[in-house]
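For the sequence shown, the numbering used here begins at 3 and goes up steadily by one.
Where is the CB? At the ideal position from N, CA and C, for every residue including glycine.
In what follows, a single structure is set out as structure tokens and then discussed.
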Amino acid sequence: MATRREVRLSPSNLNYEDRRCDRCFAEAANGEAWPQGPFPGIFAKLDSQQRRYFTDRPTSDVDPGLPPGTLHNGGRVQSAPHAIGGVDFTIRGNMDALLRFDDGSVGVVDFKSSTASPQLGDAYRPQLAAYQWALRKPASGDPETVSVAGLLVFAPEEMVDTERGRAYLVSSTWIPVEIEDGWFERFLERLVPLVESPSQAPTRSGCEWCLLRDRLTV
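Shown next as structure tokens:
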């Protein structure tokens, strides 16, 4: 009997799917680990400030076009295992925020500090779709009805003097991201051959990790 592969995917590691090196993704899914540089602490600080500011605020503070409801901390999510071929995928990660609408449905929100552009929605669709999947197919508890997904993008616009010192004025832009029914399952299906045969996965042109890996394994 063939051994099944268990793969845990972090939603944040699925971003920029069309620019990712498939070989590196496949090797990482099979346990390969490479040194990582220090993550700038400023982003963690910005994230915590954004969460505190928006917690319990009405959805209209995110975007006036959203249905009535409130914004909450997203918290940890984990999906039930999903079998495709010989691979069992589990989604596990921490969501920035969750919209709870008055009609009982919810919305997935991810905070980004960036210049707002329509291309961001395409780049981060895999991450948002993974959170949506985990909410709809949780490892425990009741499934959620996810009606909305999107990015709340913050950008510094101006520096001003305040009673508490200098401060940045920031703009916030809501970028809704459409996720078609079946999109994420098709995404997972594309990952199956990468996970099952990492050495056969295509290398992105100029990938320095792949160049180093090949030199070390010669």
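Original post:
Is Thr175 near Ala85, with beta carbons less than 8 angstroms apart?
Top reply: As a position in the sequence shown, residue 175 is number 173, starting the count at 1. As a position in the sequence shown, residue 85 is number 83, starting the count at 1. No, these two residues do not count as a Cβ contact at 8 angstroms.
Subject >> Residues of its chain near Asp58, where Cβ-Cβ distance is below 8 angstroms and the 5 sequence neighbours each way are ignored >> reply: Your numbering for residue 58 matches position 56 in the sequence shown. Here the set comprises Thr72, Leu73, His74.
**OP:** Have a look at the DSSP bridge pairing and note the partners of Leu101.
**Re:** Walking along the sequence shown from the start, residue 101 turns up at place 99. Paired residues: Leu73, Gly109.
Original post:
Can you name the start and end residues of the beta strand (DSSP E) that Asp24 belongs to?
Top reply: As a working mapping, residue 24 is identified with position 22 in the sequence shown. Segment 24-31 is the alpha helix (DSSP H) holding Asp24; no beta strand (DSSP E) there.
Original post:
Since Ala157 is in the beta strand (DSSP E), which residue starts that stretch and which ends it?
Top reply: Looking up residue 157 in the sequence shown gives position 155. Here the beta strand (DSSP E) through Ala157 covers 148-164.
Subject >> Candidates Ile181, Val197, Arg78, Met161: closest to Val150 by CA position >> reply: The residue labelled residue 150 in the question sits at position 148 within the sequence shown. Out of Ile181, Val197, Arg78, Met161, Ile181 has the C-alpha closest to the C-alpha of Val150.
Subject >> Inter-residue Cα distance where the pair is Gly143 and Thr219 >> reply: For this step, residue 143 is matched to residue 141 along the sequence shown. For this step, residue 219 is matched to residue 217 along the sequence shown. Roughly 45 angstroms separates the two Cα atoms.
**OP:** Answer yes if the stretch 101-115 comes into contact with the stretch 130-138, meaning at least three C-beta pairs across the two stretches below 8 angstroms, and no otherwise.
**Re:** yes
**OP:** List the whole-angstrom C-beta distance separating Gly76 from Asp104, where the pair is believed to meet the contact cut-off of C-beta under 8 angstroms.
**Re:** Numbered from its first residue, the sequence shown carries residue 76 at position 74. Numbered from its first residue, the sequence shown carries residue 104 at position 102. Their Cβ separation, rounded to whole angstroms, is 19 angstroms, which puts Gly76 and Asp104 out of contact at 8 angstroms.
**OP:** Compute every distance between the C-beta of Tyr126 and the non-hydrogen atoms of the ligand MG, then say whether any falls below 7 angstroms.
**Re:** The ligand MG is absent from the structure shown, which contains no ligand whatsoever.
Original post:
Can you tell me where the alpha helix (DSSP H) with Arg6 in it begins and where it stops?
Top reply: Residue 6 sits at position 4 when you count from the first residue of the sequence shown. Neither: Arg6 is in no alpha helix (DSSP H) and is coded neither H nor E.
Original post:
Can you name the start and end residues of the beta strand (DSSP E) that Ser174 belongs to?
Top reply: Along the sequence shown, one-based indexing puts residue 174 at 172. First-last of the beta strand (DSSP E) with Ser174: 167-178.
Original post:
Is it right to say Pro120 is buried, meaning 16 or more other beta carbons lie within 10 angstroms of its own, or is it exposed?
Top reply: Against the sequence shown, residue 120 aligns to sequence position 118. The residue is exposed, with fewer than 16 neighbouring Cβ atoms inside 10 Å.
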